[in-house]
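**Student:** Quick note on the working numbering: the sequence shown kicks off at 285 and runs consecutively.
We treat Cβ as the ideally placed atom computed from N, Cα and C, and that holds for glycine.
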Amino acid sequence: MNPFKIDGIVDGADYMPRKEGEALLEYHKAGRNVLVRGPRRTGKSSLVVNTFQALDCLFIRVDFWGAKTEARAVEKIARALAPFCRKMPTLSGFNIGGIGLQWKSPEAIASVEDLLRLVPGLHKKKPVVVFFDEFQALLDLPDADQFLGALRSEIQAQPEVQYLFAGSNQNRLMEIFYAQRSPFFKSAALMEVGSLERGPFVEWLTAKFIDTGRAIDPRLWDAIFELTHAIPGDVQDVCYHLWNDSGEGREVGPEDFGATLRRVLHERASGYEGMWNMLTDNQQKIAIGLARYRDDKYTSGEFMQLSGATSPASVKRGIEALESKGLIWMSGRHWIFSDPFFALWISNSVE
Ligand SMILES: Nc1ncnc2c1ncn2[C@@H]1O[C@H](COP(=O)(O)OP(=O)(O)OP(=O)(O)O)[C@@H](O)[C@H]1O
Ligand SMILES: [Mg+2]
285 MNPFKIDGIV DGADYMPRKE GEALLEYHKA GRNVLVRGPR RTGKSSLVVN TFQALDCLFI
345 RVDFWGAKTE ARAVEKIARA LAPFCRKMPT LSGFNIGGIG LQWKSPEAIA SVEDLLRLVP
405 GLHKKKPVVV FFDEFQALLD LPDADQFLGA LRSEIQAQPE VQYLFAGSNQ NRLMEIFYAQ
465 RSPFFKSAAL MEVGSLERGP FVEWLTAKFI DTGRAIDPRL WDAIFELTHA IPGDVQDVCY
525 HLWNDSGEGR EVGPEDFGAT LRRVLHERAS GYEGMWNMLT DNQQKIAIGL ARYRDDKYTS
585 GEFMQLSGAT SPASVKRGIE ALESKGLIWM SGRHWIFSDP FFALWISNSV E
């Protein structure tokens with residue numbers, strides 16, 4: 285079976301322990317709430333889950349992804365708490381009746397406070413840790429400010445519970461924790477999570493090839509890390525495909541790497557073409573420029589020439605549009621593609 289896991293939270297043998305876990309535990313000891321921030325697919329959710337699952341505590345994770353209404357957000361919290369509530373309480377406007385959660389009234393705002401008030405009492409002896417993942421989704425609620433305000437005031441009244449926050453959209457998370465008008469303004473310590481340390485990560489990945497009867501030419505790592513910008517989820521993705529094309533007792537070498545990339549691009553070509561055709565002429569030019577340009581001076585003559593953009597303003601517009609479509613994101617000072625294979629497809633297939 286392919287030993288590389290390319291999607292979602294990883295645990296057990298699929299999780300490589302990382303030193304940020306210790307820093308998280310320090311915050312835990314100090315009783316600080318923490319915002320875990322970092323680029324997409326770097327392992328923020330996996331880090332929090334694995335660190336606290338190994339600790340003797342009551343760990344509750346709420347994933348707010350797709351919570352478009354207050355009712356849905358409250359339901360997500362209720363479902364996460366339900367396994368730990370010995371006696372199912374009836375809340376104002378809300379009834380946690382076993383699995384089937386039923387709405388009695390639409391007063392979600394009152395309910396979220398009632399629900400959170402249960403948290404400190406969930407365990408008498410173990411510390412309680414609550415992890416709000418995909419927290420930025422709450423900005424999509426019709427009355428986001430009021431909901432966040434209610435959450436914030438209840439969290440503030442619970443110094444004995446540690447609350448952790450993370451999410452996949454960094455800009456929107458910053459809106460919650462760093463916009464002055466936000467109820468959560470500077471309410472949590474900030475912990476940055478970047479790529480996994482390359483040396484130990486390469487060793488860990490190499491062992492996965494070896495444990496499954498394969499080997500990998502160490503010269504390939506430079507190319508893999510360059511293609512993926514060292515994003516752990518994307519590195520695993522490339523390894524996953526290399527492994528799929530490999531055979532037992534064989535070493536994966538440079539030719540195999542090229543063949544695998546060609547195969548993946550070929551398989552995805554029609555999807556990429558579809559995506560490409562949805563872009564405007566200017567967005568396509570900027571995408572070509574970004575796929576080929578290595579520097580960070582996006583309004584320079586060199587970038588304009590490479591992309592064919594007509595003015596710095598059109599570069600800015602194109603970048604904004606590509607970002608809002610989720611195709612690119614800012615890593616440090618560089619714009620990089622969310623899907624490294626798409627960048628490769630653009631620089632190889634588009635004239
Ligand atoms: N510690 C780790 N060991 C091994 N693989 C990891 C580790 N952390 C992350 N990964 C890889 O990255 C992928 C994404 O992990 P995870 O969902 O935890 O990241 P995330 O930062 O929470 O992502 P998102 O920004 O989408 O919320 C995993 O499926 C796995 O392939
Ligand atoms: Mg995550």
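Output the boundary residues of the alpha helix (DSSP H) element that contains Tyr299.
**Tutor:** Numbered from its first residue, the sequence shown carries residue 299 at position 15. Element bounds for Tyr299: n/a, residue is neither H nor E.
**Student:** Could you check the C-alpha separation between Gly377 and Ala362 for me, to the nearest Å?
**Tutor:** Numbered from 1 along the sequence shown, position 93 holds the residue referred to as residue 377. Numbered from 1 along the sequence shown, position 78 holds the residue referred to as residue 362. With a pLDDT of only 46 at Gly377, under 50, the local geometry of the prediction cannot be trusted, and no value is derived from it.
**Student:** Taking Met614 as the reference, which of Ile515, Ser554 and Met285 has the closest Cα?
**Tutor:** In the sequence shown, residue 614 corresponds to position 330, counting from 1. Checked all of Ile515, Ser554 and Met285; the closest Cα to Met614 is Ile515.
**Student:** How is Tyr556 classed by DSSP in three states: helix, strand or coil?
**Tutor:** The residue labelled residue 556 in the question sits at position 272 within the sequence shown. Correct three-state label for Tyr556: helix.
**Student:** Rounded to whole angstroms, how far is the Cβ of Trp527 from the Cβ of Pro287, which I believe are closer than 8 Å?
**Tutor:** Reading the sequence shown from its first residue, position 243 is the one you call residue 527. Reading the sequence shown from its first residue, position 3 is the one you call residue 287. Right, their Cβ atoms sit about 7 Å apart.
**Student:** My guess is that Ile460 and Ser466 are in contact by the Cβ rule of under 8 Å, so how many angstroms apart are they, rounded?
**Tutor:** Here residue 460 is taken as the residue at index 176 of the sequence shown, counted from 1. Here residue 466 is taken as the residue at index 182 of the sequence shown, counted from 1. Right, the Cβ-Cβ distance comes to about 5 Å (below 8 Å), so this counts as a contact.
**Student:** Where does Gln420 land, buried or exposed, given buried means 16+ other C-beta within 10 angstroms?
**Tutor:** To locate residue 420, count along the sequence shown from 1; it is residue 136. The residue in question, Gln420, is buried, as its Cβ has 16 or more Cβ neighbours within 10 Å.
**Student:** Since Leu331 and Gly305 should fall inside the 8 Å C-beta cutoff, what is the C-beta to C-beta distance between them, to a whole number of angstroms?
**Tutor:** Here the question's residue 331 lines up with position 47 in the sequence shown. Here the question's residue 305 lines up with position 21 in the sequence shown. The pair is a contact, with the Cβ atoms about 6 Å apart (cut-off 8 Å).
**Student:** Pull up the CB-CB distance for Tyr447 and Phe468, whole angstroms please, since I reckon it's below 8 Å.
**Tutor:** Counting from 1 along the sequence shown, the entry for residue 447 is found at position 163. Counting from 1 along the sequence shown, the entry for residue 468 is found at position 184. At roughly 10 Å, the Cβ-Cβ gap does not stay under 8 Å, so Tyr447 and Phe468 are not in contact.
**Student:** Going by DSSP in three states, Trp619 sits in which element: helix, strand or coil?
**Tutor:** Here residue 619 refers to the residue found at position 335 of the sequence shown. Note: Trp619 maps to strand in three-state DSSP.
**Student:** For Tyr311, which of helix, strand or coil comes out of DSSP?
**Tutor:** Taking the first residue of the sequence shown as position 1, residue 311 is located at position 27. It is helical.
**Student:** Can you grab the Cα-Cα spacing for the pair Ala575 / Ser633, in whole Å?
**Tutor:** In the sequence shown, the residue the question calls residue 575 occupies position 291. In the sequence shown, the residue the question calls residue 633 occupies position 349. The alpha-carbon atoms of Ala575 and Ser633 are separated by roughly 11 Å.
**Student:** Under the assumption that His513 contacts Val548 (Cβ atoms under 8 Å), give the Cβ distance between them as a whole number of angstroms.
**Tutor:** The sequence position of residue 513 within the sequence shown is 229, counting from 1. The sequence position of residue 548 within the sequence shown is 264, counting from 1. So it is not a contact: roughly 17 Å between Cβ atoms.
**Student:** Does DSSP put Gln337 in a helix, in a strand, or in coil?
**Tutor:** On the sequence shown, residue 337 is found 53 positions in, with the first residue counted as 1. In the structure shown, Gln337 sits in a helix (DSSP, three-state: H, G or I).
**Student:** Taking the alpha-carbon of Arg534 as reference, which of Glu551, Arg345 and Arg498 has the nearest alpha-carbon?
**Tutor:** Sequence index remark: in the sequence shown, residue 534 carries index 250 (1-based). Nearest of Glu551, Arg345 and Arg498 to Arg534, Cα basis: Arg498.
**Student:** So for Arg264, helix, strand or coil by DSSP?
**Tutor:** This structure gives no information on residue 264, because the portion of the chain shown stretches from 285 to 635.
**Student:** Contact between the stretch 432–439 and the stretch 333–342: three or more CB pairs below 8 Å?
**Tutor:** Taking 8 Å as the limit for Cβ pairs, the verdict is that the stretch 333–342 does not touch the stretch 432–439.
**Student:** Using three-state DSSP, classify Met419 as helix, strand or coil.
**Tutor:** Numbered from its first residue, the sequence shown carries residue 419 at position 135. Note on identity: in this sequence residue 419 is Phe, with Met being the wrong assignment. Correct three-state label for Phe419: helix.
**Student:** Could you give the residue range of the alpha helix (DSSP H) that holds Val519?
**Tutor:** Within the sequence shown, residue 519 is the residue found at index 235, counting from 1. From DSSP, the alpha helix (DSSP H) with Val519 extends over Pro516 to Asn528.
**Student:** Please classify Trp619 as buried or exposed, where buried requires at least 16 other C-beta atoms within 10 Å of its C-beta.
**Tutor:** Counting from one through the sequence shown, the residue named residue 619 turns up at place 335. So Trp619 ends up on the buried side.
**Student:** Rounded to the nearest angstrom, how far is the Cβ of Lys313 from that of Val320, given a contact under 8 Å?
**Tutor:** As a working note, residue 313 is residue 29 in the sequence shown. As a working note, residue 320 is residue 36 in the sequence shown. At roughly 17 Å, the Cβ-Cβ gap does not stay under 8 Å, so Lys313 and Val320 are not in contact.
**Student:** Would a C-beta distance cut-off of 8 Å place Thr353 and Leu425 closer than the cut-off?
**Tutor:** As a first step, residue 353 must be located in the sequence shown, where it is residue number 69. As a first step, residue 425 must be located in the sequence shown, where it is residue number 141. A contact, by the Cβ cut-off of 8 Å.
**Student:** Can you name the residues that DSSP bridges to Arg321?
**Tutor:** As a first step, residue 321 is located in the sequence shown; it is residue number 37 there, counting from the start. Glu476, per the DSSP bridge assignment.
**Student:** By the 10 Å Cβ neighbour count, where 16 or more other Cβ atoms means buried, how is Leu628 classified, buried or exposed?
**Tutor:** The residue labelled residue 628 in the question sits at position 344 within the sequence shown. Its Cβ being crowded by 16 or more others within 10 Å, Leu628 is buried.
**Student:** For ligand 2, is there any heavy atom lying closer than 7 Å to the beta carbon of Lys492?
**Tutor:** Reading the sequence shown from its first residue, position 208 is the one you call residue 492. Result no, Cβ not under 7 Å from ligand 2.
**Student:** With a 10 Å radius around its C-beta and 16 neighbouring C-beta atoms as the bar for buried, classify Pro492 as buried or exposed.
**Tutor:** As a first step, residue 492 is located in the sequence shown; it is residue number 208 there, counting from the start. Checking the sequence shown, residue 492 turns out to be Lys, not Pro. Per the 10 Å Cβ criterion, buried.
**Student:** Between the C-alpha atoms of Lys360 and Asp347, what's the straight-line distance to the nearest angstrom?
**Tutor:** Here residue 360 is taken as the residue at index 76 of the sequence shown, counted from 1. Here residue 347 is taken as the residue at index 63 of the sequence shown, counted from 1. The straight-line gap from Cα to Cα measures roughly 7 Å.
**Student:** If you follow the alpha helix (DSSP H) that Ile361 is part of, which residue opens it and which one closes it?
**Tutor:** Within the sequence shown, residue 361 is the residue found at index 77, counting from 1. Glu354 to Leu365 is the extent of the alpha helix (DSSP H) around Ile361.
**Student:** Under a Cβ-count criterion, where at least 16 other Cβ atoms within 10 Å of its own Cβ denotes burial, should Ser595 be classed as buried or exposed?
**Tutor:** Position 311 of the sequence shown, counting from 1, holds the residue named residue 595. Exposed, by the Cβ-count rule.
**Student:** Who does Asp427 pair with in a DSSP beta bridge?
**Tutor:** Here residue 427 is taken as the residue at index 143 of the sequence shown, counted from 1. Bridge partners of Asp427: none, in fact.
**Student:** Just to confirm, are Val403 and Phe336 a CB contact at a threshold of 8 Å?
**Tutor:** Residue 403 sits at position 119 when you count from the first residue of the sequence shown. Residue 336 sits at position 52 when you count from the first residue of the sequence shown. Their beta carbons are not under 8 Å apart, which means Val403 does not touch Phe336 by this criterion.
**Student:** Give me whichever residues DSSP pairs with Asp347 in a beta bridge.
**Tutor:** As a first step, residue 347 must be located in the sequence shown, where it is residue number 63. Answer is Asp417.
**Student:** Cβ-heavy atom distance between Gly292 and ligand 1 below 7 Å?
**Tutor:** Taking the sequence shown and counting its residues from 1, the one referred to as residue 292 is at position 8. Yes, the beta carbon of Gly292 sits closer than 7 Å to at least one heavy atom of ligand 1.
**Student:** Which residue's Cα is closest to the Cα of Trp349: Phe449, Gly537 and Arg601?
**Tutor:** Sequence index remark: in the sequence shown, residue 349 carries index 65 (1-based). Among Phe449, Gly537 and Arg601, the Cα nearest to that of Trp349 is on Phe449.
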